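To start, the structure under review is shown below, and the notes come after it.
There are 4 protein chains.
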Amino acid sequence: MDYEEVRTFYLSRGFGGRVGYGERPAVVVIDMARSWLDESSPLGSANVAGVMEPILSILETARSRSVPIFFTTMAFDAAGEEAAGPVGRKLLHTSAQGALERDSARPELDPRLARRDNEILIEKQRASAFWGTAFQGHLIARRVDTLIITGCSTSGCVRSTAESAHNAGYHTIVAKEAVGDRSPLAHQCNLIDIDMRYADVEPTGNVVRYLGGLRER
Amino acid sequence: MDYEEVRTFYLSRGFGGRVGYGERPAVVVIDMARSWLDESSPLGSANVAGVMEPILSILETARSRSVPIFFTTMAFDAAGEEAAGPVGRKLLHTSAQGALERDSARPELDPRLARRDNEILIEKQRASAFWGTAFQGHLIARRVDTLIITGCSTSGCVRSTAESAHNAGYHTIVAKEAVGDRSPLAHQCNLIDIDMRYADVEPTGNVVRYLGGLRER
Amino acid sequence: MDYEEVRTFYLSRGFGGRVGYGERPAVVVIDMARSWLDESSPLGSANVAGVMEPILSILETARSRSVPIFFTTMAFDAAGEEAAGPVGRKLLHTSAQGALERDSARPELDPRLARRDNEILIEKQRASAFWGTAFQGHLIARRVDTLIITGCSTSGCVRSTAESAHNAGYHTIVAKEAVGDRSPLAHQCNLIDIDMRYADVEPTGNVVRYLGGLRER
Amino acid sequence: MDYEEVRTFYLSRGFGGRVGYGERPAVVVIDMARSWLDESSPLGSANVAGVMEPILSILETARSRSVPIFFTTMAFDAAGEEAAGPVGRKLLHTSAQGALERDSARPELDPRLARRDNEILIEKQRASAFWGTAFQGHLIARRVDTLIITGCSTSGCVRSTAESAHNAGYHTIVAKEAVGDRSPLAHQCNLIDIDMRYADVEPTGNVVRYLGGLRER
Numbered sequence: 007m008d009y010e011e012v013r014t015f016y017l018s019r020g021f022g023g024r025v026g027y028g029e030r031p032a033v034v035v036i037d038m039a040r041s042w043l044d045e046s047s048p049l050g051s052a053n054v055a056g057v058m059e060p061i062l063s064i065l066e067t068a069r070s071r072s073v074p075i076f077f078t079t080m081a082f083d084a085a086g087e088e089a090a091g092p093v094g095r096k097l098l099h100t101s102a103q104g105a106l107e108r109d110s111a112r113p114e115l116d117p118r119l120a121r122r123d124n125e126i127l128i129e130k131q132r133a134s135a136f137w138g139t140a141f142q143g144h145l146i147a148r149r150v151d152t153l154i155i156t157g158c159s160t161s162g163c164v165r166s167t168a169e170s171a172h173n174a175g176y177h178t179i180v181a182k183e184a185v186g187d188r189s190p191l192a193h194q195c196n197l198i199d200i201d202m203r204y205a206d207v208e209p210t211g212n213v214v215r216y217l218g219g220l221r222e223r
Numbered sequence: 007m008d009y010e011e012v013r014t015f016y017l018s019r020g021f022g023g024r025v026g027y028g029e030r031p032a033v034v035v036i037d038m039a040r041s042w043l044d045e046s047s048p049l050g051s052a053n054v055a056g057v058m059e060p061i062l063s064i065l066e067t068a069r070s071r072s073v074p075i076f077f078t079t080m081a082f083d084a085a086g087e088e089a090a091g092p093v094g095r096k097l098l099h100t101s102a103q104g105a106l107e108r109d110s111a112r113p114e115l116d117p118r119l120a121r122r123d124n125e126i127l128i129e130k131q132r133a134s135a136f137w138g139t140a141f142q143g144h145l146i147a148r149r150v151d152t153l154i155i156t157g158c159s160t161s162g163c164v165r166s167t168a169e170s171a172h173n174a175g176y177h178t179i180v181a182k183e184a185v186g187d188r189s190p191l192a193h194q195c196n197l198i199d200i201d202m203r204y205a206d207v208e209p210t211g212n213v214v215r216y217l218g219g220l221r222e223r
Numbered sequence: 007m008d009y010e011e012v013r014t015f016y017l018s019r020g021f022g023g024r025v026g027y028g029e030r031p032a033v034v035v036i037d038m039a040r041s042w043l044d045e046s047s048p049l050g051s052a053n054v055a056g057v058m059e060p061i062l063s064i065l066e067t068a069r070s071r072s073v074p075i076f077f078t079t080m081a082f083d084a085a086g087e088e089a090a091g092p093v094g095r096k097l098l099h100t101s102a103q104g105a106l107e108r109d110s111a112r113p114e115l116d117p118r119l120a121r122r123d124n125e126i127l128i129e130k131q132r133a134s135a136f137w138g139t140a141f142q143g144h145l146i147a148r149r150v151d152t153l154i155i156t157g158c159s160t161s162g163c164v165r166s167t168a169e170s171a172h173n174a175g176y177h178t179i180v181a182k183e184a185v186g187d188r189s190p191l192a193h194q195c196n197l198i199d200i201d202m203r204y205a206d207v208e209p210t211g212n213v214v215r216y217l218g219g220l221r222e223r
Numbered sequence: 007m008d009y010e011e012v013r014t015f016y017l018s019r020g021f022g023g024r025v026g027y028g029e030r031p032a033v034v035v036i037d038m039a040r041s042w043l044d045e046s047s048p049l050g051s052a053n054v055a056g057v058m059e060p061i062l063s064i065l066e067t068a069r070s071r072s073v074p075i076f077f078t079t080m081a082f083d084a085a086g087e088e089a090a091g092p093v094g095r096k097l098l099h100t101s102a103q104g105a106l107e108r109d110s111a112r113p114e115l116d117p118r119l120a121r122r123d124n125e126i127l128i129e130k131q132r133a134s135a136f137w138g139t140a141f142q143g144h145l146i147a148r149r150v151d152t153l154i155i156t157g158c159s160t161s162g163c164v165r166s167t168a169e170s171a172h173n174a175g176y177h178t179i180v181a182k183e184a185v186g187d188r189s190p191l192a193h194q195c196n197l198i199d200i201d202m203r204y205a206d207v208e209p210t211g212n213v214v215r216y217l218g219g220l221r222e223r
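From first to last, the protein sequence lines are chains A, B, C and D.
Its first residue numbered 7, the first sequence is counted upward by one per residue in my numbering.
Its first residue numbered 7, the second sequence is counted upward by one per residue in my numbering.
Its first residue numbered 7, the third sequence is counted upward by one per residue in my numbering.
Its first residue numbered 7, the fourth sequence is counted upward by one per residue in my numbering.
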């Protein structure tokens, strides 16, 4: 079983066109918080650790060009209201309960990201950064036409945010080495689906070159 | 490579809880139109043919219990406006152009579905039945709490609609044999992702039994 | 000039039907925070004070019947990012700057509301409680079919939330004495528009009787 | 009673800032169809007739500069499904039934608008052009930052679309003489509310000058 055959088949049917870069990018860093990075968290995995360095190189260049940067994390009320409904039943069964409590340390961003005051942190409650948040409004107010997506997990929040951004009409770019998943197999398959359907999956080096080539705003 | 290992790993991390059925279901049949069913269409595939019979058995039982039924199809203006933007570039490159023209025969539903006057047809322009449509409003007006999803493609519109329904807060059920994909491999992997993250993937037999056990409204 | 003539004219044209109450209500209390209640706040007005007592009587009955209760407030990052875009320019010009800073005391709810742990506080950034928030998801997860709206301001957040709830498909009820506006004239005119277009404007006494008549869940 | 006092009071409290024009406008013409223009239609009114000439002058200039133009109309299935729910009960009681049937002539645009092939017609089912439609996606794909709103009715679909556009983050402009309402009083009061809260209400002459001053794309 090799998921590359899905790429080949989908390409042959007219999927997987290249969207390319637009003129006014923003960068979003998805869920780079302890909940997902620490092996001690029920949802966490050390498999994601490798994405930090590529993310930092994208952030450095983006900051040097005053490109808007957004971070997301995920948190629910300790009251655990959602746990009783369908969302909670699917996402937070058994051991995962408590992994996303708002007032615990786990939803906090990894300090290496060094979020600045003018970089908005979006607390989301579903996979997509667009669901139930003001993210779309921030992008429009900044006249963004291109969204560069980094973070985790490829098969969940990254794919979902890429689909939302595509739906909204943005040039959507996923930086290949800057996204990860607790399962390398889920990572590989979903990256191909994303590339065929929603976003251009681009080497991080290309993304950094694109950002570096922008005039500073 | 066996995607069942993704299921095992995700289950061990607290994903994949069972959502179960609620009390007021609706059924949605995704994109069972010539665009996707006819091998002659750029986007079509005979691989999807097998889902028709399970869908018809679900529809028969749903109709006998006056369960609301919705159909979707996908169409764009012949003007091809979207083709120029990111959505068109990703979805409709080269040969796929023209597969989804509004005034062609391809977006028409397969006549075996025998849509009735009180069963709403939703024309969508993205993968999810919820995006840019009044679908959500129809569900709320009918006090639906459970959405049963059938149709194609598993890796695209089915997964996306399942995620939207989960996000919205519905008991989301995907009828296993009633969904298909042009790629069997994409079908298998995405079905596991859906089951771990967004919806209960249930044997069609269970779905029919559940519907049959409802009192008629 | 008497806005009652608008009611008469709109009624004659087929607007202003009665929606009535459904079976599963929720109550939302809009923006009863210092930002809007304190005369010392740029956006605040003592004119709104009279709505507190009717709101408390609705809350008391709702709590006795375990009806879900939601509160909203409005806050922006001190970074003031939005102030630079169209939203900020319209809403927060000159003296109003700083009225809605997230980390100030002003967005805090009036303590008389005595919000309980299981009553969700929604921080919104536009007039409607539905915009950019998870409010819709909370309503669906609780199978709500009726939304009772209280708070302020009638011409802004109350009207806007009523319209969103109507759009979504809910039986939408505005409790007449439990909503207010810094301008009595804007209050009167908008209440008629709401009644003609989006929600039944009902005497608070009716709302309390309806809630009191529910079986406890 | 003079609604100008509402303007004065709201201005004194920090509302009513000027948003101004951006760089990439689009024009939307709301509901200029027989349903609203013909006195013979339950929802129609000759009071709106005067807006046609200002709209045509805006369209002429917009077309000369290749500014994207959108039209909306409103229609429901003859099946009348919505009529049974809250939306239908409020909007379509008694005599208004049938005013908005999809397959009748009433939802058709006034022929004087002379819609061109590349000007998208949006069929909506609520007041706002953004609700349940792909309108937002069209605006983003065209990198629009400014929405110029014309059509009817000021107290309904115009106000609602202006609020949605403001919420989304657009420079929102309502062309004063190009919007109308069956009730002159509702027109006047809502125009002031819109100007204080959501959009700059601008003389049509200013709008035409702004459009005329753009370089052709």
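We put the beta carbon where it would ideally sit given N, CA and C, even for glycine.
Just so you know, these numbers come straight off a predicted model, no measurement behind them.
Determine which residues share a DSSP beta bridge with C:Pro31 and list them. DSSP lists C:Thr152 as the bridge partner or partners of C:Pro31.
Limits of the unbroken beta strand (DSSP E) element including C:Ala55: Per DSSP, C:Ala55 belongs to no beta strand (DSSP E) and is neither H nor E.
Please report the distance separating the alpha-carbon of D:Ser101 from that of C:Arg19. Because the pLDDT at D:Ser101 is just 47, under 50, the model does not fix this residue reliably, and the value given afterwards should be weighed accordingly. The alpha-carbon of D:Ser101 is positioned some 7 Å away from that of C:Arg19.
Under 9 Å, CB to CB, which of the residues in the region 187–198 of chain D have a partner in chain B? If the cut-off is 9 Å between Cβ atoms, the region 187–198 of chain D has nothing near chain B.
When every heavy atom of the ligand COA is checked, does at least one fall within less than 8 Å of the C-beta of C:Thr167? As for the ligand COA, it is missing from this structure, which has no ligand bound.
When we look at the beta-carbon of A:Thr156 and count the other beta-carbons within 10 Å, is it buried (16 or more) or exposed? Buried.
In chain A, which residues lie less than 7 Å from D:Tyr9 when you measure between Cβ atoms? What D:Tyr9 touches in chain A: nothing, since even the nearest Cβ is about 29 Å away.
Residues in the region 139–150 of chain B having any Cβ partner in chain D nearer than 7 Å: When C-beta distances to chain D are compared with 7 Å, the residues of the region 139–150 of chain B below that value are Thr139, Ala140, Gly143 and Ala147, in chain order.
Which residues in chain B have a C-beta closer than 8 Å to the C-beta of A:Gly91? List them in chain order. What A:Gly91 touches in chain B: Gly175.
At which residues does the beta strand (DSSP E) containing A:Phe76 begin and terminate? Where A:Phe76 is concerned, the enclosing beta strand (DSSP E) stretches over Ile75 to Met80.
Of all the residues that make up the region 48–61 of chain A, which are near chain B by a beta-carbon distance shorter than 9 Å? Those residues of the region 48–61 of chain A that come within reach of chain B (Cβ to Cβ, closer than 9 Å) are Pro48, Leu49, Gly50 and Ser51.
Limits of the beta strand (DSSP E) - the one that B:Glu183 falls within: The continuous beta strand (DSSP E) containing B:Glu183 extends over residues His177 to Gly186.
Roughly how many angstroms lie between the CA atoms of C:Asp199 and D:Phe76, to the nearest whole one? Taking the straight line from one Cα to the other gives about 26 Å.
Measuring only the C-alpha atoms, how far is B:Val12 from A:Ile36? Approximately 21 Å, taken between the alpha carbons.
Is the CB of D:Ala157 under 9 Å away from at least one CB in chain C? For the record, residue 157 of chain D in the displayed sequence is Gly; it is not Ala. No, D:Gly157 does not count as interfacial toward chain C.
Excluding the 5 residues flanking B:Gln194 on each side, which residues of the same chain have their C-beta closer than 7 Å to its C-beta? Taking B:Gln194 as the centre and dropping the five residues before and after it, the same chain places the C-beta of Tyr9 closer than 7 Å to its C-beta, in chain order.
Got a sec? Which residues, its chain only, sit under 7 Å from D:Asp151 by beta carbon, not counting five neighbours each side? Once the five neighbours on either side are set aside, the close Cβ partners of D:Asp151 are Gly28, Glu29, Arg30, Tyr176 and His177.
Cβ shell of C:Ala52 (< 6 Å), same chain only, five flanking positions each side left out: Closer than 6 Å at Cβ, skipping near neighbours: Glu45.
Which word fits D:Gly26, buried or exposed, when buried means at least 16 other C-beta atoms lie within 10 angstroms of its C-beta? With fewer than 16 other Cβ atoms within 10 Å, it is exposed.
Taking CB distances under 9 Å as the criterion, tell me whether B:Val213 reaches chain D. The beta carbon of B:Val213 does not come within 9 Å of any beta carbon belonging to chain D, so the residue lies off that interface.
Excluding the 5 residues flanking C:Phe136 on each side, which residues of the same chain have their C-beta closer than 8 Å to its C-beta? Short of 8 Å from the beta carbon of C:Phe136, and not among the five residues preceding or following it, lie these beta carbons of its own chain, in chain order: Gln142, Thr167, Ser170, Ala171 and Ala174.
To the nearest angstrom, report how far apart A:Gly218 and A:Val33 are at their CA atoms. Put simply, the backbone Cα of A:Gly218 is about 13 Å away from that of A:Val33.
Could you check how far apart the C-beta atoms of B:Thr210 and B:Ile64 are, in whole angstroms? I think they sit under 8 Å. Right, their Cβ atoms sit about 7 Å apart.
Note down, in chain order, every chain D residue with its Cβ under 8 Å from the Cβ of B:Asp83. Ile126, listed in chain order.
Check whether the Cβ atoms of C:Ile154 and C:Val207 sit closer than 9 Å, and answer yes or no. 9 Å or more divides the Cβ of C:Ile154 from the Cβ of C:Val207.
Cβ atoms of D:Glu114 and D:Ala39: under 9 Å apart, would you say? Closer than 9 Å, so yes.
What residues in its chain sit with their C-beta under 8 Å from that of B:Lys182, if we drop five residues either side in the sequence? By the criterion of a C-beta distance shorter than 8 Å, B:Lys182 is surrounded in its chain by Leu197, Val207, Glu208, Pro209 and Thr210, once the five residues flanking it on both sides are discounted.
Taking the alpha-carbon positions, what's the C:Val57 to C:Ser72 distance? Taking the straight line joining both Cα atoms gives about 22 Å.
Express the C-alpha separation of B:Thr14 and B:Gly162 in angstroms, rounding to a whole number. Computed Cα separation, rounded: 23 Å.
Does any residue of chain B bring its CB to less than 9 Å from the CB of A:Ser134? By the rule that beta-carbons nearer than 9 Å mark a contact, A:Ser134 touches chain B.
Let's see if you can read the secondary structure: which residues bound the beta strand (DSSP E) around D:Asp44? In the DSSP assignment, D:Asp44 falls outside any beta strand (DSSP E), carrying neither H nor E.
Threshold first: 3 residues or longer. Then list the beta strand (DSSP E) segments lying entirely within the region 114–144 of chain B, N to C. The DSSP assignment places 126–130 as complete runs of the beta strand (DSSP E) inside the region 114–144 of chain B, in order along the chain (cut-off: 3 residues).
Which chain C residues sit within Cβ distance under 8 Å of D:Ser166? What D:Ser166 touches in chain C: Glu169.
Cβ of C:Tyr204 within 9 Å of any chain D Cβ: Against chain D, the CB of C:Tyr204 has a partner CB under 9 Å away; the residue lies at that interface.
Count the other CB atoms within 10 Å of the CB of A:Pro117; is the residue buried (16 or more) or exposed (fewer)? By the 10 Å Cβ count, A:Pro117 comes out exposed.
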